[in-house]
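Down below is the structure, laid out as structure tokens.
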Amino acid sequence: MSTGPALDPEILDFYTDRYREERRLHATAHGRLELLRTRELLDRFLPSPPGRVVDVGGATGVHAAWLAEVGFEVDLIDPVPSHVAQAGEVPGVRAQVGDARTLPFGDASADVVLLLGPLYHLTARADRLLALREAARVGRRGGVVAVAAISRYAGLLELAAVGEVSDVTEPSLRRAIETGVNDPRSGFTTAYFHRPDELAREMAEAGLAEVAVYGVEGPSAPALDNLPLDEAEPLLGSAIRAARLLEQDPALIAASPHFLAFGRVG
Numbered sequence: 449m450s451t452g453p454a455l456d457p458e459i460l461d462f463y464t465d466r467y468r469e470e471r472r473l474h475a476t477a478h479g480r481l482e483l484l485r486t487r488e489l490l491d492r493f494l495p496s497p498p499g500r501v502v503d504v505g506g507a508t509g510v511h512a513a514w515l516a517e518v519g520f521e522v523d524l525i526d527p528v529p530s531h532v533a534q535a536g537e538v539p540g541v542r543a544q545v546g547d548a549r550t551l552p553f554g555d556a557s558a559d560v561v562l563l564l565g566p567l568y569h570l571t572a573r574a575d576r577l578l579a580l581r582e583a584a585r586v587g588r589r590g591g592v593v594a595v596a597a598i599s600r601y602a603g604l605l606e607l608a609a610v611g612e613v614s615d616v617t618e619p620s621l622r623r624a625i626e627t628g629v630n631d632p633r634s635g636f637t638t639a640y641f642h643r644p645d646e647l648a649r650e651m652a653e654a655g656l657a658e659v660a661v662y663g664v665e666g667p668s669a670p671a672l673d674n675l676p677l678d679e680a681e682p683l684l685g686s687a688i689r690a691a692r693l694l695e696q697d698p699a700l701i702a703a704s705p706h707f708l709a710f711g712r713v714g
């Protein structure tokens, strides 16, 4: 078990007591859109199995499960013990508690390293770079490192879609846009929100090559958030097509609530 830096207690409490991570990508149309597009992009860039995947911040194993099912050897690490307990029950997945900044894996020991969550909650740039460098260390030469980030404008677009940009919420939204740091009083926990070019620079500074950043959900996510799942489900095909069309458009990539970036270990 890794004994790295401790997770912020406020973040740990959020995921332990207030948020059901195992439901996030299944219970809403926006979640379904994120899940389908994330898997689509991973399928595009990951090598064919067999191979070893290290899933850093893998939560309850939503991605680890299908990766193991198609033939990858999967090691999952997450700082939330309840997540690890659930992930450990997924067939073919080895799960342990640990921190993205001090990975308990050897140098050049994985074909793929996923960071599909850790950068959300590392508000200090030095910590984000440390996590990215750890991912690059663990990846084999030429291996893929896939990194998720939240868009700098995600909170604004979400609240605007439900008519909640107001005198009360506007100051914290302005601060989030200016600094990237989310106010946990907004309903989400302490988090860092990226700009696409900023994410690419951090990955390159960590030593990753051939970095490319993609918008995940496209601009349809806020609209889907306002519909019941049964009404939104028929719209997913159109939303996915729109996301593909705009996935690297510099004018609209930041309209996706999440980014998924890929780099290679040099």
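Going by the working numbering, the first residue of the sequence shown is number 449, and it counts up by one from there. We put the CB at the ideal spot given by N, CA and C, even for glycine. Since the structure is predicted, the reported quantities are computational estimates derived from the model, not experimental observations.
- For Glu488, the closest alpha carbon among the candidates His511, Val501, Val504 and Ala477 is that of His511.
- In the displayed model, Leu489 falls within a helix according to three-state DSSP.
- Contact check between the segment 579-591 and the segment 538-554: three or more CB pairs, one atom from each, fall below 8 Å, which counts as touching.
- Taking the CA atoms as reference points, Pro498 sits about 49 Å from Glu618.
- Apart from sequence neighbours up to five positions away, the residues of its chain that approach Glu482 with a beta-carbon distance below 7 Å are Leu473, Val664, Glu665 and His706, ordered along the chain.
- The beta carbon of Leu570 sits closer than 7 Å to the beta carbons of Arg576, Ala579 and Tyr640 from its chain, once the five residues preceding and following it are set aside; these are given in chain order.
- A check of alpha carbon separations from Pro539 across Gly509, Leu672, Leu605 and Leu708 identifies Gly509 as the nearest.
- With contacts defined by Cβ atoms closer than 7 Å, Val659 and Gly611 do not form a contacting pair.
- With 16 or more other Cβ atoms from the protein chains shown falling within 10 Å of its own Cβ, Glu606 counts as buried.
- Burial state of Leu693 is exposed, judged by a 10 Å Cβ sphere holding fewer than 16 other Cβ atoms.
- Under the three-state reduction of DSSP, Tyr568 is assigned to helix.
- If you check the CB distance, Ala583 and Leu564 do not come in under 7 Å.
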